[in-house]
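Only one structure is covered here, and it is reproduced in the block below.
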RNA sequence: GGCGGCGUAGCUCAGAUGGUUAGAGCGCACGGCUCAUAAUCGUGAGGUCGUCGGUUCGAUCCCGACCGCCGCUACCA
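In our numbering, the protein residues as written are 578 to 1080.
Okay, here's the thing in structure tokens:
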């Protein structure tokens, strides 16, 4: 008996003022596919997401809407929960930073950092744009004016608590050196390293000008700046400071999935904060790129935010999930276009996968009365299928869904090609007919297992139509990946096409 | 300015410690099949692997310069 593997995976928590858009969905579907795969291989999985609910902008928006900040965020958080439910995101815990458990964790974590001597009080002086309600660096200014409003900035001073990030420059470099796999892909790792190498400055982590935040336990005049409480959500969910056994079960072997816009917080500040609190930094941070829209960054100002729920209504949820993971390289920027989605839908889903299922079930029903034959151990497809599933398995373990899907589609292609060669629709009843159909059904069984993390509904439906009991996620996928486990005497159902061709 | 990356078929991208005919998918053309959502299967066209030099018996892959594009260069999130 070997110990259960644990797989703790997180997404960023989303700023609750925002509307869930395709960029969020991209992160969520990716993380969901990893969580599902690891559940399939019998890992003990904990998949965490949530909402970030503090900060000035939320307090302002609440006031504008005549609500308290808490009422305001209570009204917004369900938008995210609803969206993720509709996208079939199988998270295990949804954290809101306004929950008591989070206040408790943030306070206990930062109290440790304080007691360890990494937090001190000082005056923050900065160039402040009143309109933005934000500080700017001199280099960011446009002729001394705010780059957004074009108005002069003013020098402001504020008493803040500072985090001694500067003390961690060398320790972070050493950590990166000793854990080359901690941050990936390497391009993003280099980016973080470049930033650290130029030397780190202390950063202010509290505010007195606002009160919508977690109170500083040792100084009630201050609340923690929003990022400082946000990162700690990862610890809140595993009961840091409350349940040592649970905490040690899940930490530090975590996989943080993040977008490239928040590298600095996760790859510099966060590991340093952990060190300062006396716990290990996270084991793995995987940085993915942006999902662009027609080559442009998705932004409110550009008016090009795509609603993933509308897309799912139009194309079907699994088609959208498939497209997001197949048409991008996880780690690089991707580009969303309707044309590319339509093309993937028609060629990969309708023509290849959907049509394979359709032609196989049709022939089994018409020639064999729907009684499924069994696959052959020495099928010409057996070796190839074994290699494909091994590739898919490796790809999943390396956070490369596009590679897993590419491998699976090569099996779909081979299955189609084999049908062309043998042409069962021309054969008389007999072993040759049964063998080729049994092999095709076995291919479909394998496809279901490898595809389940990305297209759970589709995969389950194919599973059902080929007469399998339960669901593709049952049992241990690693054991189920070997050739020849499809059972005969199943009853095949010919259904309507899963992916009617579009356009 | 500094650091880093990229530039390969119409499109999206792989690729090799440098070595016979540079790959895939999509699209396109031709052919086969007709079970299937006119789906599928096979074949093919086509690219001086950004430009110019260098190293080498030999470079798309190494080095240099240049052109073009992009990322990071700290406290909005």
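Ideal placement from N, C-alpha and C gives every residue a C-beta, glycine not left out.
Small disclaimer: the values here were computed from a predicted structure and weren't measured.
Range covered by the beta strand (DSSP E) that runs through residue i
| i | result |
| --- | --- |
| residue 703 | 696–706 |
| residue 797 | 796–801 |
| residue 834 | 831–836 |
| residue 1039 | Here residue 1039 belongs to no beta strand (DSSP E); instead the alpha helix (DSSP H) covers 1033–1042. |
| residue 673 | 670–673 |
| residue 817 | No beta strand (DSSP E) contains residue 817, which DSSP labels as neither H nor E. |
| residue 735 | 731–740 |
| residue 588 | 583–592 |
| residue 628 | 621–629 |
Own chain residues within Cβ distance below 7 Å of residue i, not counting five before or after
| i | result |
| --- | --- |
| residue 866 | 837, 908, 909, 910, 911 |
| residue 879 | 873 |
| residue 1082 | Here the chain covers residues 578 to 1080 and nothing more, so residue 1082 does not appear. |
| residue 807 | 590, 629, 674 |
| residue 939 | 1071 |
| residue 773 | 746, 749, 750, 845 |
| residue 757 | none |
| residue 1002 | 940 |
| residue 1004 | 1010 |
Proximity test, residue i beta-carbon vs the ligand FAD heavy atom, cut-off 7 Å
| i | result |
| --- | --- |
| residue 896 | As for the ligand FAD, it is missing from this structure, which has no ligand bound. |
Contacting residues, own chain, Cβ-Cβ under 8 Å from residue i (five flanking each side not counted)
| i | result |
| --- | --- |
| residue 989 | 929, 930, 933, 1020, 1024 |
| residue 695 | 740, 741, 744, 853 |
Own chain partners of residue i with C-beta closer than 6 Å, once the 5 adjacent residues on each side are dropped
| i | result |
| --- | --- |
| residue 578 | Reliability of the predicted coordinates at residue 578 is poor, the pLDDT of 45 falling under 50, and no value is obtained from them. |
| residue 1068 | 947, 1044 |
| residue 583 | 621 |
| residue 762 | 908 |
| residue 1070 | 1042 |
| residue 632 | 803 |
| residue 859 | 829, 831, 833 |
| residue 1078 | 923, 927 |
| residue 918 | 900 |
| residue 944 | none |
| residue 581 | 621 |
C-beta atoms of residue i and residue j nearer than 8 Å
| i | j | result |
| --- | --- | --- |
| residue 673 | residue 654 | yes |
| residue 1037 | residue 1049 | yes |
| residue 760 | residue 864 | yes |
| residue 1063 | residue 952 | yes |
| residue 559 | residue 785 | Residue 559 cannot be examined here, being either before or after the span of the chain that is shown, 578 to 1080. |
| residue 941 | residue 1014 | yes |
| residue 968 | residue 984 | yes |
| residue 742 | residue 849 | yes |
| residue 636 | residue 789 | yes |
| residue 593 | residue 650 | yes |
| residue 843 | residue 815 | no |
| residue 777 | residue 753 | no |
| residue 1073 | residue 1054 | no |
| residue 1018 | residue 937 | yes |
| residue 750 | residue 845 | no |
| residue 1058 | residue 894 | no |
| residue 700 | residue 734 | yes |
| residue 614 | residue 1030 | yes |
First and last residue of the uninterrupted alpha helix (DSSP H) at residue i
| i | result |
| --- | --- |
| residue 852 | 847–854 |
| residue 963 | 959–974 |
| residue 637 | 633–641 |
| residue 990 | 978–999 |
| residue 938 | 932–945 |
| residue 601 | 599–617 |
| residue 677 | 677–692 |
| residue 773 | 763–774 |
| residue 1015 | 1008–1028 |
| residue 898 | 894–903 |
| residue 657 | 646–663 |
Integer Cβ distance of residue i from residue j, believed to fall under 8 Å
| i | j | result |
| --- | --- | --- |
| residue 597 | residue 660 | 4 Å |
| residue 913 | residue 868 | 6 Å |
| residue 958 | residue 995 | 6 Å |
| residue 739 | residue 780 | 7 Å |
| residue 624 | residue 667 | 6 Å |
| residue 731 | residue 705 | 6 Å |
| residue 903 | residue 979 | 6 Å |
| residue 684 | residue 791 | 7 Å |
| residue 962 | residue 1060 | 5 Å |
Between the segment 627–634 and the segment 1042–1060, are three or more C-beta pairs nearer than 8 Å? no
Three or more C-beta pairs under 8 Å: does that hold for the segment 609–620 against the segment 637–650? no
Say whether the segment 678–692 touches the segment 849–859, bearing in mind that this needs 3 or more beta-carbon pairs closer than 8 Å, one atom from each stretch. yes
Kindly confirm or deny that the segment 821–831 and the segment 787–802 touch, where touching means at least three C-beta pairs closer than 8 Å. no
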